[in-house]
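Residue numbers 640 to 873, in my numbering, belong to the letters of the sequence shown in order. Don't be surprised by glycine CBs; every beta carbon is placed ideally from N, CA and C.
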Amino acid sequence: MPVALVTGGSAGLGLALVHRLSRDGWTVVTDGRDPARLEAAVVGLPDREVVVPVAGDVADPAHQEALAREVARLGRLDLLVHNASTLGPLPLRPLREVSADELLATWAVNAAAPVALTRLLLPQLRVASGVVVSVSSDAAVEHYETWGPYAAGKAALDQLTLTLGVEEGLTTYAVDPGDMATAMHQDAFPGEDVSDRPTPESVVPAILTLLLRRPPSGRYRASSFAASGLEVPA
Ligand SMILES: NC(=O)c1ccc[n+]([C@@H]2O[C@H](COP(=O)([O-])OP(=O)(O)OC[C@H]3O[C@@H](n4cnc5c(N)ncnc54)[C@H](OP(=O)(O)O)[C@@H]3O)[C@@H](O)[C@H]2O)c1
Numbered sequence: 640m641p642v643a644l645v646t647g648g649s650a651g652l653g654l655a656l657v658h659r660l661s662r663d664g665w666t667v668v669t670d671g672r673d674p675a676r677l678e679a680a681v682v683g684l685p686d687r688e689v690v691v692p693v694a695g696d697v698a699d700p701a702h703q704e705a706l707a708r709e710v711a712r713l714g715r716l717d718l719l720v721h722n723a724s725t726l727g728p729l730p731l732r733p734l735r736e737v738s739a740d741e742l743l744a745t746w747a748v749n750a751a752a753p754v755a756l757t758r759l760l761l762p763q764l765r766v767a768s769g770v771v772v773s774v775s776s777d778a779a780v781e782h783y784e785t786w787g788p789y790a791a792g793k794a795a796l797d798q799l800t801l802t803l804g805v806e807e808g809l810t811t812y813a814v815d816p817g818d819m820a821t822a823m824h825q826d827a828f829p830g831e832d833v834s835d836r837p838t839p840e841s842v843v844p845a846i847l848t849l850l851l852r853r854p855p856s857g858r859y860r861a862s863s864f865a866a867s868g869l870e871v872p873a
């Protein structure tokens with residue numbers, strides 16, 4: 640049975656991925672900081688046994704170790720998805736109003752944690768010839784006012800993910816999912832009706848496409864997979 644670790648699986652894109660993978664027969668380890676929300680998210684899945692919730696903050700080294708222990712117990716890791724992320728200080732604000740500590744806290748979650756976690760999981764990734772997917776953003780390559788801390792963290796995530804790929808001989812992808820109607824998107828646009836954005840479920844096939852087709856390591860946009868005709872059906 641293939642094994643995945645999806646960070647941030649209690650809401651949004653992470654939850655949609657956990658649902659799809661577990662439905663497809665994967666064993667999925669996942670996390671989220673709020674234990675009650677995490678537990679509620681995995682209740683009601685078709686086979687509760689195949690989802691392993693481990694509550695905690697991805698930036699916490701003790702939590703990273705706890706995740707790694709669960710994966711070591713399962714013996715292999717076919718898919719690692721770095722999905723948990725923070726927008727940084729809210730409301731979004733210009734860089735002149737962001738402290739150095741706030742920058743570092745944002746990058747700890749969005750860039751440093753995925754590297755630390757990947758490093759801990761290298762043995763199980765190698766056993767399974769596993770794939771690493773880091774969920775990026777168009778903000779990594781654009782320059783949007785007030786998005787600086789988040790955007791710089793995602794640009795770093797792209798670089799770190801693809802560098803790990805060449806250093807460790809892994810297949811690694813940085814994936815821009817595009818806008819999605821989620822809590823994070825609502826936080827970025829307070830007071831705006833974001834319900835017209837695509838659902839997180841609509842992005843899942845693009846990630847599965849990378850997994851199944853295994854194009855070369857690199858940065859991909861979910862929307863271009865949908866247009867390629869190669870996409871795995873929802
Ligand atoms: N939504 C968009 O329009 C959009 C656009 C481009 C890229 N993205 C990217 O897509 C990914 C998913 O975003 P989303 O919109 O689905 O977010 P979301 O709906 O806010 O869900 C985020 C998930 O991550 C968990 N999480 C957040 N911080 C965490 C931490 N420090 N440690 C562990 N878990 C944490 C949350 O649970 P807790 O709060 O309980 O921890 C929740 O389960 C992110 O990487 C985001 O940057 C989103």
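Any non-hydrogen atom of ligand 1 within 6 Å of residue i CB
| i | result |
| --- | --- |
| S856 | no |
| V774 | yes |
| A650 | yes |
| V645 | no |
| P816 | yes |
| H782 | no |
| R708 | no |
| V642 | no |
| A822 | yes |
| S833 | Reading off the sequence shown, one finds Val at residue 833, where the question assumed Ser. Outside the cutoff, so no. |
| G727 | no |
| R676 | yes |
Nearest-angstrom Cβ-Cβ length linking residue i and residue j, presumed shorter than 8 Å
| i | j | result |
| --- | --- | --- |
| L803 | V720 | L803 to V720, Cβ: 14 Å. No contact. |
| V710 | V737 | So it is not a contact: roughly 34 Å between Cβ atoms. |
| A827 | L731 | 6 Å |
Sub-7 Å separation of residue i and residue j beta-carbons
| i | j | result |
| --- | --- | --- |
| P816 | A861 | yes |
| D699 | R672 | no |
| A650 | A755 | no |
| L875 | V693 | The structure shown does not extend to residue 875, since the chain is modelled only from 640 to 873, so the question has no answer here. |
| R659 | V774 | no |
| L716 | V642 | yes |
Residue i, enclosing beta strand (DSSP E) - first and last residue
| i | result |
| --- | --- |
| D815 | 810 to 815 |
| S773 | 770 to 774 |
| P692 | 690 to 694 |
| R858 | 857 to 860 |
| D670 | 666 to 671 |
| V720 | 718 to 721 |
Residue i, enclosing alpha helix (DSSP H) - first and last residue
| i | result |
| --- | --- |
| S738 | Looking at the DSSP string, S738 is not in any alpha helix (DSSP H), and its letter there is neither H nor E. |
| H782 | No alpha helix (DSSP H) holds H782; DSSP gives it neither H nor E. |
| V748 | Looking at the DSSP string, V748 is not in any alpha helix (DSSP H), and its letter there is neither H nor E. |
| L652 | 651 to 662 |
| A675 | 674 to 681 |
| A619 | In the structure as shown, the chain starts at 640 and stops at 873, and residue 619 therefore has no counterpart that could be examined. |
Near ligand 3: residue i beta-carbon under 6 Å from a heavy atom
| i | result |
| --- | --- |
| S724 | For the structure depicted, ligand 3 is absent and the ligand set comprises only ligand 1. |
*asked:* Using a Cβ distance threshold of 8 Å, determine whether the region 776 to 790 contacts the region 736 to 744, with at least three qualifying pairs required.
replied: yes
*Within the chosen definition, does the region 832 to 845 reach the region 775 to 783 through at least 3 CB pairs nearer than 8 Å?*
At 8 Å Cβ cutoff, the stretches do not touch.
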